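All the letters of the sequence shown, read from the start, carry residue numbers 1 to 418 under this note's numbering.
To keep things clear, I will list the structure first and then write my remarks on it.
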Amino acid sequence: MGKLIINDVDVSGKRVLMRVDYNVPMEESNGRMVINDATRIKETLPTLLNLIQRGARIVLMAHLGRPDGKPDPSLSLRPVANALAEMLRRPVHFADDCIGERVENQVKSLKDGEVLLLENVRFYQEEEANDPAFSEKLASLGEIYVNDAFGAAHRAHASTAGVPASIHKRGGKCVGGLLMERELKFLGDELENPARPFVVILGGAKVSDKIKVIDRLLEKADAILIGGAMAYTFKLADGIRVGKSLVEPDKTDVATAAVGKAKEKGVTFLIPSDNVIADPIDTGRKNKKGRAIFDLQNARINTERDIPVDSEGVDIGPATIATFANEIAKAKTILWNGPMGIFEDSRFAQGTFSIAQAVVDTTQKNGAKSIIGGGDSVKAINVAGLGAKVTFMSTGGGASLEFLEGKDLPGVVALGNS
Ligand code: AMP
């Protein structure tokens, strides 16, 4: 069933209460908080410009960081209001609270096409507790509810679940923004009946984080390619020695079950045949959490079945890159989540970047749809400068994974059906 979106409702002259994901990385510089990466703000511009053009009175609510339910000046959204004003090239009003009489008056004085950003909703512990009274107070600020914060839609908080429930109860419409619409289209509809072959690439740190996604995609995919540290749990399950690689020995049974299911369903299921390995050497230094810092030395390619006891797998090797790229080249639909190695270190980024290039080539030459399922794979594609060359990159991390697992996201469920 489809969800209502902003174009389905008349917003002219109406107070539109919109949840956005402005949880942007910030840093202190000369006593001021400065935004490091404004991508999340930029992503909301199409919805905002649409609403402004149609004469809505826009009230924005968002969270920033983890203030633990009390005001924290370093987590104020005020710098976001300034950045948004610059991007929209129009004033953005700021309310230094998110509920209360002063805020209500600020909302009342909004004119058609004006924008007001509320202070961090997480300054109240009632936000994460999805408190009904708090939700009511927030809900009183709008006639229509819009959610454009896919990245926060997996949380049942006041601003994502309680507020739309209140607005819905009094007959108001609750709809998705244009970013939300795109997320649901690409992570949902496009993968429901994908053009075939459908190739899924999964990497990252842990099997346990992604086993539910693997299990669900085994029902739909033609091929699943496994890289990253999670490949070592599959290797271990196959009786291969993995040295000091990051591995989850208690998850070998789920790995074996996934391989069995792939065989049963006729899904091509590939794990790396070779790896880049390195030797972790204790530097004697400790990180902020008091953990020993290891230096990865003596990086080399390992084509043996086993990884030496003192070494750690840190990337996929050249033969694996070639096999994976060959599989990707056949695809008409590609879904990718999780890097192939420790791509943050340029010595171990080759696997991830080569797979990114293979995904881009298949998109451009075969007209395949390439969908990047959020988190670190989006970061890696952007570092490789290939962001504009894939079909869609999700803005959600945890939300994308839960959505791909087939879970109902509270922030999506709360929207009206079309
Ligand atoms: P995830 O959030 O599960 O997608 O995991 C992303 C993280 O996995 C990145 O920070 C990578 O550095 C890390 N990673 C990928 N491959 C490996 C590996 N072979 N060993 C250790 N960490 C890895």
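Yeah, the Cβ is synthetic: ideal placement off N, Cα and C, and Gly gets one too.
Keep in mind it's a predicted model, so treat the numbers as computed, not measured.
Buried versus exposed call for residue i [16 or more other C-beta atoms within 10 Å across all chains shown]
i    : result
Q297 : exposed
K111 : exposed
Q53  : exposed
V200 : buried
S29  : exposed
D21  : buried
V34  : exposed
A195 : exposed
A133 : exposed
T362 : buried
L375 : Reading off the sequence shown, one finds Gly at residue 375, where the question assumed Leu. Answer is buried; the Cβ neighbour count reaches 16.
G171 : exposed
A358 : buried
R291 : exposed
R90  : exposed
Q125 : exposed
D250 : exposed
G177 : buried
Q106 : buried
Delimiting residues of the beta strand (DSSP E) encompassing residue i
i    : result
I271 : Neither: I271 is in no beta strand (DSSP E) and is coded neither H nor E.
E127 : Element bounds for E127: not the beta strand (DSSP E) but the alpha helix (DSSP H), Q125 to E128.
G284 : N275 to K286
N298 : A292 to N302
F419 : Beyond the ends of the chain as shown, which are 1 and 418, falls residue 419; an answer cannot be given.
R19  : R15 to R19
D315 : E312 to I316
Residue i CB to nearest heavy atom of ligand 1 below 6 Å
i    : result
V314 : yes
L246 : yes
A292 : no
A229 : yes
I372 : no
G310 : The residue asked about is misnamed: residue 310 is Asp in this sequence, not Gly. Flag unset: Cβ of D310 not near ligand 1.
D376 : yes
P272 : no
A205 : yes
D68  : no
G338 : yes
I342 : yes
D209 : yes
Beta-carbon spacing of residue i, residue j below 7 Å
i    : j    : result
L225 : K265 : no
H157 : E192 : no
R19  : N147 : yes
I144 : V59  : no
A139 : I167 : yes
A399 : F150 : yes
P25  : D37  : yes
G13  : G69  : no
G341 : V383 : no
S377 : G411 : no
A237 : A257 : no
K332 : A368 : yes
K3   : L415 : yes
Proximity winner among the options, relative to residue i (alpha-carbon distances)
i    : options                   : result
K235 : A205, D306, S166 and I328 : D306
D310 : I316, M87, D295 and A319  : D295
G406 : H154, A149, K14 and A38   : H154
G65  : A223, N120, D279 and V175 : N120
I446 : I35, L48 and M26          : Summary: the structure shown does not reach residue 446, with the chain confined to residues 1 through 418, and so no result is reported for it.
T39  : D408, N417 and M393       : M393
I316 : P308, C174, S370 and S273 : S273
T160 : N417, S418 and V413       : V413
V213 : I381, R347, G373 and G351 : G373
S418 : V175, N50 and P25         : V175
G385 : G338, T391 and F353       : F353
A319 : L270, E183 and N337       : L270
L118 : N82, M87, A257 and L88    : N82
F198 : A380, E43, W336 and D8    : W336
L75  : K42, G162, E114 and E27   : E27
G387 : P67, A356, G284 and R347  : A356
Element boundaries [alpha helix (DSSP H), containing residue i]
i    : result
S400 : G398 to L404
G162 : Note, G162: premise wrong, no alpha helix (DSSP H); not H, not E.
F150 : Here F150 belongs to no alpha helix (DSSP H), and DSSP marks it neither H nor E.
R40  : T39 to K42
S74  : Careful: S74 lies outside any alpha helix (DSSP H) and carries neither H nor E.
F186 : Where F186 is concerned, there is no enclosing alpha helix (DSSP H), given that its DSSP letter is neither H nor E.
D376 : D376 to V383
K261 : T252 to K265
T47  : L45 to Q53
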